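Single-structure report; data block below.
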Amino acid sequence: MPAIETSPEAFVRPGFLTPDTATVLFQSLLTDVTWDERMKARKTACYGQTYDDSGVDYQLVAMHPLLVPLCRAIESELRFTPTNCLLNYYETGRSTMGFHSDATHNLADGSGVAIISIGAERNLTFRSKTDLSLLLDFPLPHGSLFYMSQLTQDH
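So the sequence shown is residues 306 to 460, counted in this note's numbering.
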């Protein structure tokens, strides 16, 4: 299978969180967050600025205290401050999300989308919009940070 070339526009940082920190965060979020069940494949929760995800609107909600240190760590690593955090909880390894592009109209210039993956390792697969046979897989281990620029959404 052909692969899309990697670039600075999308990368993964394994070990962004220590295994212990990631595990404590995962367990704490499971119990402390009020999960929204409007999505069929996953439970969600949204903090920060308003956000629309697949037709589900999330209103402005203060950043959860458990997420504030993560926002600071992302700012230190990526040089921008996250203004929104969409939590996705997949209860089983059978749930997936189809190919899509994230809405970027609310992103500040010079920022992008940061994903902190906790729990079971999963693959994030990208597909080229111009050649559907071109794929790129990013394994996201427990505690990893994945970043993609706004440009990534265009390709």
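Even glycine gets a Cβ: it sits at the ideal position worked out from N, Cα and C. Given the structure is predicted, the values throughout are model-derived calculations rather than measurements.
Where do the ends of the beta strand (DSSP E) carrying residue i lie?
i, result
"A272", "Residue 272 is absent from the model: the chain starts at 306 and stops at 460."
"A350", "348 to 353"
Give the DSSP-derived three-state secondary structure of residue i in the structure shown.
i, result
"D442", "strand"
"V329", "helix"
"L322", "coil"
"H405", "Note that H405 has pLDDT 49, beneath the 50 cutoff, so the model's placement of it is unreliable and the number below is only indicative. If DSSP states are grouped into helix, strand and coil, H405 belongs with coil."
"E310", "Note on E310: pLDDT 47, under 50, position unreliable in the model; the coordinate value appears next. In this structure, E310 counts as coil in the three-state DSSP scheme."
"V338", "coil"
"R432", "strand"
"R343", "coil"
"L375", "helix"
"L392", "strand"
For residue i, tell me which candidate among the options has the shortest Cα-Cα distance.
i, options, result
"Q354", "P374, Q364, S416, K434", "Q364"
"L450", "T435, V338, G417, K434", "G417"
"T326", "L445, I423, F431", "I423"
"V361", "R343, L372, V373", "R343"
"E396", "L335, V329, E380, P319", "L335"
"V338", "I420, P446, G415, T349", "T349"
"P324", "E426, N389, S381", "E426"
"V366", "D436, K434, C390", "C390"
"F331", "A315, L375, A346", "L375"
"S381", "R347, V329, A419, Y356", "A419"
"N428", "K434, T435, L440", "L440"
Quick check on residue i: buried or exposed, where buried means 16 or more other Cβ atoms within 10 Å of its Cβ?
i, result
"S454", "buried"
"F293", "There is no way to answer for residue 293, as the model of the chain reaches only from 306 to 460."
"T386", "exposed"
"F404", "With a pLDDT of 48 at F404, under the threshold of 50, the modelled position of this residue cannot be trusted; read the value that follows with caution. Classification of F404: exposed, given that the 10 Å Cβ count is below 16."
"G448", "buried"
"L437", "exposed"
"A308", "With a pLDDT of 41 at A308, under the threshold of 50, the modelled position of that residue is not reliable, and the figure given next carries that caveat. That one is exposed."
"A315", "buried"
How far does the alpha helix (DSSP H) with residue i in it reach, from first residue to last?
i, result
"I420", "Per DSSP, I420 belongs to no alpha helix (DSSP H); it is in the beta strand (DSSP E), 417 to 422."
My understanding is that residue i touches residue j, with C-beta atoms under 8 Å, so please give their C-beta distance in whole angstroms.
i, j, result
"V317", "F431", "Contact flag wrong, Cβ pair sits at about 12 Å."
"Y352", "M368", "5 Å"
"L392", "S333", "With a Cβ gap of about 12 Å, L392 and S333 do not count as contacting."
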